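Engineer:
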Amino acid sequence: MAQKGRYGNYGGQYIPETLMNAVQEVEAAYEHYKHDPEFVEELEELYKNYAGRPSLLYYAEKMTKDLGGAKIYLKREDLNHTGSHKINNVLGQVLLANKMGKTRVIAETGAGQHGVATATAAALMGMECEIFMGKEDTDRQALNVFRMELLGAKVHAVTSGTMTLKDAVNETMREWTRRVDDTLYVLGSVMGPHPFPMIVRDFQKIIGREIREQLMEREGRLPDAVIACVGGGSNAMGAFYEFIPYESVALIGCEAAGLGVDNPKNAATIANGSEGIFHGMKSLFCQDEYGQIAPVYSISAGLDYPGIGPEHAMLHDTGRATYVPITDEEAVSAFEYLSRTEGIIPAVESAHAVAYARKIAGSMDKDKIIVVNISGRGDKDVAAIARYRGVEIYE
Amino acid sequence: MSRIAEAFADGKAFIPFVTGGDPDLDTTEELIIAMEQAGADLIEIGLPFSDPIAEGPVIQEANERALAAGCTTDRLFDMVREVRKTVKVPLVFLTYMNPIYIYGKQRFLKRCRETGIDGLIVPDLPFEEKQELAPDCLEYGVDLISLIAPTSKERIRKIASEAQGFVYCVSSLGVTGVRSEIKTDIASMVALVRESSKVPCAVGFGISTPEQAAKMASLSDGAIVGSAIVKLVARNKKDSVGPVSSYVKTMKDALRAL
Numbered sequence: 001m002a003q004k005g006r007y008g009n010y011g012g013q014y015i016p017e018t019l020m021n022a023v024q025e026v027e028a029a030y031e032h033y034k035h036d037p038e039f040v041e042e043l044e045e046l047y048k049n050y051a052g053r054p055s056l057l058y059y060a061e062k063m064t065k066d067l068g069g070a071k072i073y074l075k076r077e078d079l080n081h082t083g084s085h086k087i088n089n090v091l092g093q094v095l096l097a098n099k100m101g102k103t104r105v106i107a108e109t110g111a112g113q114h115g116v117a118t119a120t121a122a123a124l125m126g127m128e129c130e131i132f133m134g135k136e137d138t139d140r141q142a143l144n145v146f147r148m149e150l151l152g153a154k155v156h157a158v159t160s161g162t163m164t165l166k167d168a169v170n171e172t173m174r175e176w177t178r179r180v181d182d183t184l185y186v187l188g189s190v191m192g193p194h195p196f197p198m199i200v201r202d203f204q205k206i207i208g209r210e211i212r213e214q215l216m217e218r219e220g221r222l223p224d225a226v227i228a229c230v231g232g233g234s235n236a237m238g239a240f241y242e243f244i245p246y247e248s249v250a251l252i253g254c255e256a257a258g259l260g261v262d263n264p265k266n267a268a269t270i271a272n273g274s275e276g277i278f279h280g281m282k283s284l285f286c287q288d289e290y291g292q293i294a295p296v297y298s299i300s301a302g303l304d305y306p307g308i309g310p311e312h313a314m315l316h317d318t319g320r321a322t323y324v325p326i327t328d329e330e331a332v333s334a335f336e337y338l339s340r341t342e343g344i345i346p347a348v349e350s351a352h353a354v355a356y357a358r359k360i361a362g363s364m365d366k367d368k369i370i371v372v373n374i375s376g377r378g379d380k381d382v383a384a385i386a387r388y389r390g391v392e393i394y395e
Numbered sequence: 001m002s003r004i005a006e007a008f009a010d011g012k013a014f015i016p017f018v019t020g021g022d023p024d025l026d027t028t029e030e031l032i033i034a035m036e037q038a039g040a041d042l043i044e045i046g047l048p049f050s051d052p053i054a055e056g057p058v059i060q061e062a063n064e065r066a067l068a069a070g071c072t073t074d075r076l077f078d079m080v081r082e083v084r085k086t087v088k089v090p091l092v093f094l095t096y097m098n099p100i101y102i103y104g105k106q107r108f109l110k111r112c113r114e115t116g117i118d119g120l121i122v123p124d125l126p127f128e129e130k131q132e133l134a135p136d137c138l139e140y141g142v143d144l145i146s147l148i149a150p151t152s153k154e155r156i157r158k159i160a161s162e163a164q165g166f167v168y169c170v171s172s173l174g175v176t177g178v179r180s181e182i183k184t185d186i187a188s189m190v191a192l193v194r195e196s197s198k199v200p201c202a203v204g205f206g207i208s209t210p211e212q213a214a215k216m217a218s219l220s221d222g223a224i225v226g227s228a229i230v231k232l233v234a235r236n237k238k239d240s241v242g243p244v245s246s247y248v249k250t251m252k253d254a255l256r257a258l
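Sequences listed follow chains A and B, in order. Residue 1 is where the first sequence starts when you use the numbering used here, and the numbers rise one by one after that. Residue 1 is where the second sequence starts when you use the numbering used here, and the numbers rise one by one after that.
Structure follows, in structure tokens:
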């Protein structure tokens, strides 16, 4: 990395002056604690005995046979406490906040997974917690709102802009400028101003490290491809990072193409976005010719974001990772397929990655190995999938 | 002397803000002319952005109205070129990095110079990232205005030492919007600025009454008012020239008494 907080041309710290001392304080604290044996030990303990790590690497035998090509392994982040990979980052950041003497954490959430994880960690560590969620998402995910409240968090429905994830990020940043001394903004993805893309990646890279160890044990070798869904990109970065030096491992990120990349209703940033500066970072964004951020759409609230983390933008530029668009229909079909074939209901976000595995596995040799990151479980999506298929179920 | 320096040469400066294109660009043009006549020393024009993270609800909604009404960067520049035929006070844009970046930094600054924009305030461009824009601003002779905040502390010296035009002193934590009370020790912030810089220092965020403006200006070189004016525009729409004009006159009068 040439410049601090830069990933090639991307990254940086494009935030209001009011927050500059705060992000520098977070950076200094993180650089200290990541080498502090006590911090490392506490976090490992939480991962093991609270979150349930290591998560399983499951050989999807039926899916492999059905597709008739490469062997498919599923990394089961859905089995973590709170049901997704989000807990990996949140335990790290809330523990860091605690060490820094902060007494309050705030966070944005889309579908509610990051909000639930943050509220959970805050409850565990006795911290005040406020979650910002787009009004549209609080309506769509009413159950998660109640879940966060049950965990002791205060949930704010954000009514500005498009009332979705991007507006929730805006409002959490605004709240941080209002009250910064005792508060840490626990960012949910590998995005935002430096040091967040780095911190979140570091707390998520355990996914890829475990994949490597578990696969070496089972197969004695590295995978040929690692596939993960990408919104901001934290589960994908977590799964990819360990394998970046190994050129033989294809890294494939699956973006939400909504109704199709040629339809305005999509959230495929790599396919349709362009370079810009927003939410504290230089990266790729869906935007218009004047730099106004575009309203985006996906059936998956967790991928419904008009940008992507800066390190992904760099991996795309260098060609080290490949990014492919997956439509709502492909994702829903994969959601149903994995449920029927393996008895595993994936999050609709993760179903985007499953969909791409279905596309490529059959044409690969039987001695090839694909790992699909199942970043979260799909219980939260059942009602939405039913509605998509024309069955009127409400939570 | 630059136009911005002149604005502070004769007593305390009153600096009003309007969102460009709210409710439409014709009204914005009339407002700028009327505010100059009412005593404004420098005028800030908001170039609307879809996601203004430093703004409170009043200016957020003004941005949304302006964009919905069809305000674009090109149309705003066209309006500035027209209004410059009559208006002499310095005009500065307040906007975010993305609209500048996407327009093309060189192209944007070139149009600033051609149309008569004297400075830029970019709330999401802190000191550490200013090289993103500072070289282009220098090339085209447009001042890049620096902001300092109550949390800046020891950062104030280094920010002020490279400041151009004026230093925008953010009075309070949080986003823009009217506040009943400003508790920050503004005098200490201004003193730190003056240790390392000769450029004037104006205070903004939260100011709405003549008393607040007088107090803030007495501690610095001027007062900036945004949300209170944008509220008047939101309420009176195309008929806001009268109310805004008399408001600006009252505020300037409060500063003349200092």
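Ideal Cβ positions, reconstructed from N, Cα and C, are used throughout, including at glycine. The structure displayed is predicted, hence computed values, not measured ones.
By the three-class DSSP mapping on this structure, what secondary structure does L74(A) have?
Structural biologist: Looking at L74(A) - three-state DSSP - the assignment turns out to be strand.
Engineer: Give a yes or no on whether the minimum CB-CB distance between Q164(B) and chain A is below 9 Å.
Structural biologist: Judged by the 9 Å Cβ criterion, Q164(B) is not in contact with chain A.
Engineer: What is the DSSP secondary structure of N373(A), counted as helix, strand or coil?
Structural biologist: Three-state DSSP puts N373(A) in a strand.
Engineer: Does the structure place the segment 122 to 139 of chain A close enough to the segment 102 to 110 of chain A that three or more beta carbon pairs sit under 8 Å?
Structural biologist: yes
Engineer: If you measure from the beta carbon of A149(B) to each beta carbon in chain C, is any gap under 9 Å?
Structural biologist: The question asks about chain C, but that chain is absent: this structure's protein chains are A and B.
Engineer: Inspect the beta-carbon positions of P306(A) and P197(A) and report whether they are closer than 9 Å.
Structural biologist: Cβ distance not < 9 Å, so P306(A) and P197(A) don't count as in contact.
Engineer: Residues of chain B with a CB under 9 Å from the CB of I293(A): which are they?
Structural biologist: F49, S50, D51 and N98
Engineer: Buried or exposed: which applies to A2(A), given that a residue is buried once 16 or more other Cβ atoms fall within 10 Å of its Cβ?
Structural biologist: Because A2(A) sits at a pLDDT of 48, beneath the cut-off of 50, its placement in the model cannot be relied upon, and the point is left open.
Engineer: Put A2(A) into one of helix, strand or coil per three-state DSSP.
Structural biologist: Only weak support is given to the placement of A2(A): the predicted model assigns it a pLDDT of 48, under 50, and the value that follows is read from those uncertain coordinates. Looking at A2(A) - three-state DSSP - the assignment turns out to be coil, as it is neither helix nor strand.
Engineer: Tell me, please, which residues DSSP counts as bridged to V105(A).
Structural biologist: As DSSP reads the structure, V105(A) sits in a beta bridge with C129(A) and L184(A).
Engineer: Give me, in chain order, the residues of the same chain whose beta-carbon lies closer than 8 Å to that of V167(B); leave out the 5 immediate sequence neighbours on both sides.
Structural biologist: I145, S146, L147, I148, I159, A160, V193, S197, V199, P200, C201 and A202
Engineer: Going by other Cβ atoms of all chains shown within 10 Å of its Cβ, with 16 needed for buried, is N63(B) buried or exposed?
Structural biologist: buried
Engineer: So that I know if they touch, is there some Cβ in chain A lying closer than 9 Å to that of Q37(B)?
Structural biologist: no
Engineer: Just checking: is the beta-carbon of Q106(B) within a distance shorter than 9 Å of some beta-carbon in chain A?
Structural biologist: no
Engineer: Which residues mark the beginning and the end of the beta strand (DSSP E) in which Y14(A) is found?
Structural biologist: Y10 to Y14
Engineer: Apply the 10 Å Cβ neighbour rule to P23(B) and answer buried if 16 or more other Cβ atoms are within range, or exposed otherwise.
Structural biologist: buried
Engineer: Of all the alpha helix (DSSP H) runs that stay within the bounds of the segment 29 to 103 of chain B, which reach a length of 4 or more residues?
Structural biologist: The qualifying runs are 57 to 68, 73 to 83 and 97 to 103.
Engineer: Just to confirm my understanding: we take G92(A), look at its own chain, exclude 5 residues before and 5 after, and list those with CB closer than 7 Å. What are they?
Structural biologist: The beta carbon of G92(A) is closer than 7 Å to those of L43 and F203 in its chain, skipping five residues each way along the sequence.
Engineer: Are the C-beta atoms of R174(A) and some chain B residue less than 9 Å apart?
Structural biologist: Closer than 9 Å: yes.
Engineer: Counting only beta-carbon separations shorter than 9 Å, does A2(A) have a partner in chain B?
Structural biologist: A caution first: A2(A) carries a pLDDT of 48, below 50, which makes its placement in the model unreliable, though a value can still be read off. No - not a single Cβ of chain B is within 9 Å of the one on A2(A).
Engineer: My guess is that Y323(A) and E255(A) are in contact by the Cβ rule of under 8 Å, so how many angstroms apart are they, rounded?
Structural biologist: The Cβ separation is near 6 Å, so the contact holds.
Engineer: Please determine whether the Cβ atom of R113(B) lies at a distance below 8 Å from any heavy atom of the ligand HEM.
Structural biologist: Ligands are entirely absent from the displayed structure, and the ligand HEM is therefore not among its contents.
Engineer: Is any beta-carbon of chain A found at less than 9 Å from that of I102(B)?
Structural biologist: yes
Engineer: For the segment 14 to 40 of chain A, which residues have a beta carbon sitting closer than 8 Å to at least one beta carbon of chain B?
Structural biologist: Under the 8 Å Cβ criterion, the segment 14 to 40 of chain A contributes Y14, I15, P16, E17, T18, L19, M20, N21 and A22.
Engineer: At 3 residues or longer, what runs of the beta strand (DSSP E) sit wholly inside the segment 192 to 224 of chain B?
Structural biologist: If we require 3 residues or more, the beta strand (DSSP E) runs fully inside the segment 192 to 224 of chain B come out as 201 to 204.
Engineer: Go to P16(B), then tell me how far its beta strand (DSSP E) extends in each direction, as first and last residue.
Structural biologist: First-last of the beta strand (DSSP E) with P16(B): A13 to T19.
Engineer: Taking 9 Å as the CB-CB cut-off, is A191(B) touching chain A?
Structural biologist: By this cut-off, A191(B) is not an interface position.
Engineer: Quick check on DSSP: helix, strand or coil for A111(A)?
Structural biologist: coil
Engineer: When DSSP builds the beta bridges, which residues end up paired with L57(A)?
Structural biologist: K75(A)
Engineer: Compare the beta carbon distance of Y103(B) and G291(A) with 9 Å and say whether it is the shorter of the two.
Structural biologist: yes
Engineer: Looking at T183(A): is its Cβ nearer than 9 Å to the Cβ of E175(A)?
Structural biologist: yes
Engineer: According to a CB-to-CB cut-off of less than 7 Å, which residues of the segment 168 to 185 of chain B neighbour chain A?
Structural biologist: Listed by position, the residues of the segment 168 to 185 of chain B near chain A (Cβ gap below 7 Å) are V170, L173, G174 and V175.
Engineer: Are A347(A) and S84(A) touching if we call contact CB-CB under 9 Å?
Structural biologist: yes
Engineer: What residues from chain B crowd round K166(A), counting only those whose CB sits closer than 8 Å?
Structural biologist: D51
Engineer: If I follow the unbroken alpha helix (DSSP H) through A271(A), where does it start and stop?
Structural biologist: T269 to N272
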